[in-house]
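Each remark here refers to the structure printed beneath this line.
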Amino acid sequence: MLRRNKKHISEYEILISAKPGFSLPNVRELWEYRDLLFLFVQREFISKYRQTVLGPLWYIIQPLLLSGIFTVVFGNIAQLPTDGVPPILFYLCGLATWGYFGQSFEGAANSLVLNAHLMSKVYFPRVIAPLSAIASKFMMFFIQFSLFMVCYFYFKFFTQVGAHLHFTNTIFMVPYLFLIAICLSLGAGLLMAAATAKYRDLIHMIGFMIQLWMYATPIIFPATEFPPRWRFLIFINPMATVVEGVRLAFLGQGYWTNKCLFAASAISFVVLILGLLAFAKTEKNFIDTV
Amino acid sequence: MSNNKKYVIEVNHLSKLYDLGIIGSHTLRESIDRSWQRYRNRAVQLAPPSPFTGRQGPFPNSMWALKDVSFNVEYGEIIGVIGRNGCGKSTLLKILSRITEPTSGTALIRGRISSLLEVGTGFHGELSGRENIYLNGAILGMRRKEIDKHLEQIVEFSEIGKYIDTPVKRYSSGMYVRLAFAVAAHLNQQVLMIDEVLAVGDHAFQQKCLEKTRRMAGTGRTILFVSHDIDAVASLCHKCIYMEDGEIVEIGKPSEVIPLYTQAKKAA
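So the sequences go chain by chain: Z and X. 554 is the number of the first residue of the first sequence in our numbering; add one for each residue after it. 921 is the number of the first residue of the second sequence in our numbering; add one for each residue after it.
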């Protein structure tokens, strides 16, 4: 005879069946798994810098090196203008902002394939993986943005050009701009993750895509370089609005219209929804094909 | 579906169709073609399998990994699932633990479920034993607070001792297994699925795991146990499911079902 303990009889029920069609993530379930999200972020952070000598210092070295290269190649050799802002500041601002987006996008896009071994063994809400990939980049952004601020105050108080540098009211829009960047990187990353689960070839495209996307975003050039007639083409990319907005907020130079802001919001939102739908469709059975 | 609250797991006509052709390189065109055909033949695809066609699915290159499987599990039972490789045991567990979706049929599970499908899944080599307990616990569906409560017991059960703050990549495989089982054994989940995990570790630890499994079932937890180890199934399980070619051949007492399996194995 089996002993039955009443307290183990719960009201918690799971119904398993084929669910055709599209669905959005279950927010309540995600909330129940919030600790896992946190631990994934911790895993990513610890595993990346354990056994490295410089550790998170790499976050500072990378953008500094890149800004240096940009200053030489695009500033000095190609002589692209930087709106009268010291080139190194101009690039650092763009790179910190872009860096967060690019890394988030890449992390989210790779999250399904990277965690396939785990997902083939245990159930957890799959979208936790891309979410944690994006959350784990906050730290990097924080460090890189601090670096930008340090350089900013150096230029402001110790150089001649510093007099032109000033914060503008757009600074209040910066949190919203980052919300746009997060939604867009999540949405685009989820779309890419869904696609790579099926077509592995696309993994090799991700790095290339990020690079192309970066050059399409006004990081090494100001958007005002484009003739007004064609400028809207740049702003189809919501990241253009984000980067220009952040630059306007902190450096006092940037192209900013309400139309651009509206378009960026709308496009990011649509991409996010599409990404969530595509991901939900893929996650159900992707383990059968990897 | 019946509303019998007596059962913790109710599996009704569960089937899973695997598309063998889809693995490997598919061109985009083929893929679009397929989706279109799928869409037009949706009714065919989602229809339950016919009992006369064997494992062959409705499309070329498709096969029923699981065919019309139904059974119920009561609270506190330990159910053993036996059968030869490729008989659908693992597919069944994968569906029940929500790793993949069934093609047709339903399964209702009352209570939180967790699976221990392979030892060390979700362990990260660079993290310490302690960090891995938290990570693995969370992957298996535990909250941090719950793990805090059980941390001491887990460490003690795993016999890892002072190495708990060492990165697990320096662990021996035995230590790895012990830690993994220790985490799973202290889950609060009402339903636990175990797939061949006890096949590792030394004999003494295997016995300890079996004993722990038995005790967990004693406290009202329900366990689904997939194994090739007939002795373990015989000594542990209240009930046994024998599967062959994606279908259930027999459900019953281990003493009655296991001989069927051993005979069939001899005959083959």
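Beta carbons: idealized from backbone N, C-alpha and C, even for Gly. Bear in mind that the values here come from a model prediction, so they are computed numbers and not experimental data.
Looking at the backbone, the Cα of A833 of chain Z and that of T1020 of chain X are separated by about 12 Å. When the beta-carbon positions are compared, P1174 of chain X and K1159 of chain X come within less than 9 Å of each other.
For the stretch 697-730 of chain Z, not one full-length beta strand (DSSP E) segment reaches 3 residues or more. Contact annotation for P978 of chain X against chain Z: no contact, minimum CB-CB distance about 14 Å [criterion: below 9 Å]. Not one beta carbon of chain Z lies nearer than 9 Å to the beta carbon of R1050 of chain X. The Cβ of R596 of chain Z sits closer than 9 Å to at least one Cβ of chain X. Here H1158 of chain X carries a coil assignment [DSSP, helix/strand/coil]. With respect to R784 of chain Z, T777 of chain Z sits close: the two C-beta atoms are nearer than 9 Å. For R596 of chain Z, the enclosing alpha helix (DSSP H) stretches over residues R587 to Y602. In the three-state reduction of the DSSP assignment, R1098 of chain X falls in the helix class. Annotation: the continuous beta strand (DSSP E) that includes V1001 of chain X extends over I998 to G1003.
Against chain X, the beta carbon of V580 of chain Z has no neighbour under 8 Å; the closest one sits roughly 17 Å away.
At least one C-beta of chain X is nearer than 9 Å to the C-beta of V675 of chain Z. Counting of Cβ neighbours within 10 angstroms places Y705 of chain Z among the buried residues, the total reaching 16 or more. K1128 of chain X counts as buried, since at least 16 other C-beta atoms from the protein chains shown sit within 10 angstroms of its C-beta. Within chain X, the residues placing a beta-carbon under 9 Å from that of L568 of chain Z are M921, T1026, A1027, L1028 and I1029, ordered along the chain. For H757 of chain Z, the nearest beta carbon of chain X is not closer than 9 Å to its own beta carbon. Closer than 9 Å to the CB of Y612 of chain Z there is not a single CB belonging to chain X. With contacts defined as CB atoms closer than 9 Å, L589 of chain Z and I681 of chain Z qualify as a contacting pair. By the Cβ-count criterion, Q656 of chain Z is buried, with 16 or more other Cβ atoms from all chains shown falling within 10 Å of its own Cβ. In the DSSP annotation of this structure, the continuous segment of the alpha helix (DSSP H) that includes G652 of chain Z starts and ends at P640 to L667.
Contact check between the stretch 1148-1165 of chain X and the stretch 989-1009 of chain X: three or more CB pairs, one atom from each, fall below 8 Å, which counts as touching. It is roughly 24 Å from the alpha-carbon of L592 of chain Z to the alpha-carbon of A741 of chain Z. Residues of the same chain with a CB within less than 6 Å of the CB of F1077 of chain X, apart from the 5 flanking positions on each side, are A1102 in chain order. Note: N932 of chain X is bridge-paired with X:T1026 in the DSSP secondary-structure output. Looking at the DSSP output, L937 of chain X shares a beta bridge with X:W984. For Y808 of chain Z, the three-state secondary structure derived from DSSP is coil. In the DSSP assignment, I1168 of chain X falls within the beta strand (DSSP E) that extends over E1167 to G1172. Of the candidates X:D988, X:C1007, X:G996 and X:L1060, X:L1060 places its Cα closest to the Cα of R1018 of chain X.
Counting only runs that start and end inside the stretch 1003-1087 of chain X, the beta strand (DSSP E) elements of at least 3 residues fall at 1024-1030 and 1033-1036. The beta carbon of D1068 of chain X lies closer than 7 Å to none in the same chain, with the five residues before and after it left out.
Using beta-carbon distances, I1084 of chain X does not count as an interface residue toward chain Z, since no partner is under 9 Å. Below 8 Å, enough C-beta pairs join the stretch 658-674 of chain Z and the stretch 745-753 of chain Z to call them touching: three or more. Closest in C-alpha terms to A734 of chain Z, from the list Z:T770, Z:T605 and Z:L718, comes Z:T770.
In this structure, the alpha-carbon of W766 of chain Z lies about 9 Å from that of N790 of chain Z.
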